[in-house]
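These notes concern the structure reproduced below.
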Amino acid sequence: TAVLFLSDPASFEGGDFEFQVKTDIPARPEQGDIVVFPSVLSHRVLPVTSGTRYSAVSWVIGPAFR
3 TAVLFLSDPA SFEGGDFEFQ VKTDIPARPE QGDIVVFPSV LSHRVLPVTS GTRYSAVSWV
63 IGPAFR
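Position 3 of the sequence shown, counting from 1, maps to 5 under my numbering, and the rest follow consecutively.
This is how it looks when you write it as structure tokens:
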């Protein structure tokens, strides 16, 4: 999975990006940042409480994860 963050973090409230495991990825990446991770990694985005959060998401197919 690849997520491109399109919105300025100052333009919305909430919408933090979280992984279930501890990582060094910030919950509010900067506009233009891309986060790439295996799709099997548990993640979520918290509800946006004000403003609008835009992102582009893509998936790549490869060999089966074992």
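For each residue, glycine too, the CB sits at the ideal point set by N, CA and C.
(request) Compare the Cα-Cα distances from L43 to each of D10, Q33, F19 and report the closest residue. (result) The residue you call residue 43 lines up with position 41 of the sequence shown. Nearest option by C-alpha distance: F19.
(message) Need the endpoints of the beta strand (DSSP E) that L43 sits in, please.
(response) Within the sequence shown, numbered from 1, the residue matching residue 43 stands at position 41. Counting along the chain, L43 falls outside any beta strand (DSSP E), and DSSP gives it neither H nor E.
(message) Given this structure, state the Cα-to-Cα distance separating P11 from E32, to the nearest angstrom.
(response) Here residue 11 is taken as the residue at index 9 of the sequence shown, counted from 1. Here residue 32 is taken as the residue at index 30 of the sequence shown, counted from 1. One C-alpha to the other measures close to 6 Å.
(request) Pull up the CB-CB distance for T3 and V59, whole angstroms please, since I reckon it's below 8 Å. (result) Against the sequence shown, residue 3 aligns to sequence position 1. Against the sequence shown, residue 59 aligns to sequence position 57. Their Cβ separation, rounded to whole angstroms, is 7 Å, which keeps T3 and V59 in contact under 8 Å.
(request) Could you tell me which residues DSSP pairs with V57 in its beta bridges? (result) Counted from its first residue, the sequence shown places residue 57 at position 55. Checking the sequence shown, residue 57 turns out to be Ser, not Val. F7, per the DSSP bridge assignment.
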